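Below you'll find the structure, written out as structure tokens, and then a few comments.
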Amino acid sequence: MDWKELINLLKGHKTYLQMHNFPDPDAMASAYGMQQFLKYHGIETTICYEGTIDKLSTKRMITEFNMEVFPYSEVEADMKEADYIVTIDGQKYNSNFTDLPGDEVACIDHHPTYIECEYKYKDVRITGACSSIIAEYFYESNTPIDENTASALVYGLRMDTASLTRGVSTLDIEMFSYLYKYADNDKIMNFYINVMEMSDLKAYGAAIENVCVIDGVGFAHIPFGCNDALIAMISDFILSLNEVNTCIVYADRDGGYKLSVRSMNSGIHAGKLTKDALEGIGNGGGHAEMAGGIIYPDSVKNIRDNIEDIVKERFLNIVKNGCEKVRD
Ligand SMILES: [Mn+2]
Numbered sequence: 001m002d003w004k005e006l007i008n009l010l011k012g013h014k015t016y017l018q019m020h021n022f023p024d025p026d027a028m029a030s031a032y033g034m035q036q037f038l039k040y041h042g043i044e045t046t047i048c049y050e051g052t053i054d055k056l057s058t059k060r061m062i063t064e065f066n067m068e069v070f071p072y073s074e075v076e077a078d079m080k081e082a083d084y085i086v087t088i089d090g091q092k093y094n095s096n097f098t099d100l101p102g103d104e105v106a107c108i109d110h111h112p113t114y115i116e117c118e119y120k121y122k123d124v125r126i127t128g129a130c131s132s133i134i135a136e137y138f139y140e141s142n143t144p145i146d147e148n149t150a151s152a153l154v155y156g157l158r159m160d161t162a163s164l165t166r167g168v169s170t171l172d173i174e175m176f177s178y179l180y181k182y183a184d185n186d187k188i189m190n191f192y193i194n195v196m197e198m199s200d201l202k203a204y205g206a207a208i209e210n211v212c213v214i215d216g217v218g219f220a221h222i223p224f225g226c227n228d229a230l231i232a233m234i235s236d237f238i239l240s241l242n243e244v245n246t247c248i249v250y251a252d253r254d255g256g257y258k259l260s261v262r263s264m265n266s267g268i269h270a271g272k273l274t275k276d277a278l279e280g281i282g283n284g285g286g287h288a289e290m291a292g293g294i295i296y297p298d299s300v301k302n303i304r305d306n307i308e309d310i311v312k313e314r315f316l317n318i319v320k321n322g323c324e325k326v327r328d
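Note that this note's numbering numbers the sequence shown so that position 206 is 206, with each residue one more than the last.
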């Protein structure tokens with residue numbers, strides 16, 4: 001990380017901070033934190049995303065932290081091909097990252113790279129949360145951090161690491177302790193109350209009805225559309241079962257399926273498992289502990305009735321053959 005290089009690169013350019021599609025709290029906190037960091041150094045930016053922000057947790061972040069974030073449809077008329085884009089908590093060419101007209105000159109992310117892309121500035125490190133990487137920009141450059149920004153980053157860090165219990169690196173711990181001093185920790189605790197909506201229960205209900213566990217691997221199909229964040233929450237929930245050490249939860253999406261995968265089994269890398277299991281019918285990847293994927297509508301046209309058997313067979317095959325959890 002060379003924060004001066006990033007500032008020099010962006011100076012004088014109209015810059016967008018693009019989060020991954022359907023941004024989660026870590027993406028929101030990271031984009032907001034980077035916006036505040038750049039603002040202090042004289043660079044104004046616009047935060048944008050594809051998809052929707054429709055979870056209580058992310059909607060609440062906008063009001064509680066006073067964030068300004070724009071769906072692409074609202075900036076479409078303004079964005080030119082020459083404008084700069086910094087990808088935040090995601091990378092160009094990923095299945096969850098829409099290629100917008102602007103020029104992706106920089107990338108700040110904590111996920112493994114699946115498809116290489118040339119950026120003028122790249123800061124990709126495998127950490128529990130992208131928020132930790134953003135916090136380090138403040139720390140390294142001695143940039144003052146206000147309570148609001150520190151609080152948002154603590155929340156993002158906690159959400160992506162399940163409060164420092166999942167995929168944690170030394171940087172996450174160091175940045176948590178750095179941010180903690182500046183954050184409004186009571187405000188953050190309030191985010192953990194009332195996190196579910198009545199409509200979420202329908203998806204939980206379907207998953208519970210449907211769950212099937214084979215050799216420690218849990219599968220649940222939600223037979224209707226759900227947003228990414230909800231599928232991820234249900235995946236965490238299925239993983240909390242004593243009988244489950246790896247789980248695959250998927251919901252219908254535009255004629256295909258959206259998957260969320262978790263692994264607490266040290267022999268199974270969730271990202272590699274997902275990528276390999278979906279080969280030829282979809283796309284996916286992610287961290288050792290958590291991953292996501294999609295199955296394309298075209299590939300299930302004739303097999304939709306058997307989708308549950310097909311998903312089980314594909315994932316169990318990879319699990320059986322071993323899918324070593326190697327740190328990327
Ligand atoms: Mn993240």
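Backbone N, C-alpha and C fix where the C-beta goes; we use that ideal spot for every residue, glycine too.
Note that the coordinates shown come from a computational prediction; the quantities given were computed from them, not determined experimentally.
In the three-state reduction of the DSSP assignment, residue 278 falls in the coil class. In chain order, 86, 119, 121 place their CB closer than 6 angstroms to the CB of residue 106, counting only its own chain and leaving out the 5 sequence neighbours on each side. In this structure, the straight-line span from the alpha carbon of residue 239 to that of residue 42 is close to 45 angstroms.
The alpha-carbon of residue 231 is positioned some 14 angstroms away from that of residue 56. Per DSSP, the continuous alpha helix (DSSP H) segment holding residue 36 begins and ends at 25-40. Under the 10 Å beta carbon count, residue 244 is surrounded by 16 or more other beta carbons and is classified as buried.
Where residue 4 is concerned, the enclosing alpha helix (DSSP H) starts and stops at 3-10. Closer than 7 angstroms to some heavy atom of ligand 1: that does not describe the Cβ of residue 135. Here the alpha carbons of residue 46 and residue 35 stand approximately 8 angstroms from one another. Of the residues assessed, residue 194 falls on the exposed side of the cut-off, its CB having fewer than 16 other CB atoms within 10 angstroms. Under DSSP, residue 22 forms no beta bridge with any residue. For residue 133, the number of other beta carbons within 10 angstroms of its own is at least 16, and it is reported as buried. At least one heavy atom of ligand 1 lies less than 7 angstroms from the C-beta of residue 129. A direct Cα-Cα distance of roughly 22 angstroms separates residue 94 from residue 247. A Cβ-Cβ separation of about 15 angstroms leaves residue 288 out of contact with residue 260 under the 8 angstroms criterion.
Residue side-chain check: residue 160 places its Cβ nearer than 7 angstroms to a non-hydrogen atom of ligand 1. Under the DSSP assignment, residue 256 falls in the beta strand (DSSP E) whose first and last residues are 256-263. Residue burial is scored here from C-beta neighbours: residue 37 has at least 16 other C-beta atoms within 10 angstroms and is therefore classed as buried. Between residue 24 and residue 159 a beta carbon distance of about 7 angstroms is seen, short of the 8 angstroms cut, so the two are scored as contacting. As for any alpha helix (DSSP H) of minimum length 4 sitting wholly inside the segment 43-101, the runs are 56-64, 72-75, ordered along the chain.
Distances from the CB of residue 123 to the heavy atoms of ligand 1 are all 7 angstroms or more.
In this structure, residue 301 sits away from residue 285, with a CB-CB distance that is not shorter than 8 angstroms. One Cα belongs to residue 91, the other to residue 6, and the distance between them is close to 17 angstroms.
Excluding its 5 nearest sequence neighbours in each direction, residue 271 has C-beta neighbours in its own chain below 7 angstroms: 112, 285, 286, 287, 288, 291, listed in chain order. DSSP places residue 191 in the coil class of the three-state scheme, outside both helix and strand. Annotation for residue 27 indicates a beta carbon within 7 angstroms of some heavy atom of ligand 1. CA-CA distance, residue 82 to residue 70, rounds to 19 angstroms. In this structure residue 320 is exposed. Its beta-carbon is surrounded by fewer than 16 other beta-carbon atoms within 10 angstroms.
In summary, residue 242 is exposed, with fewer than 16 beta-carbon neighbours lying within 10 Å of its beta-carbon over all protein chains present.
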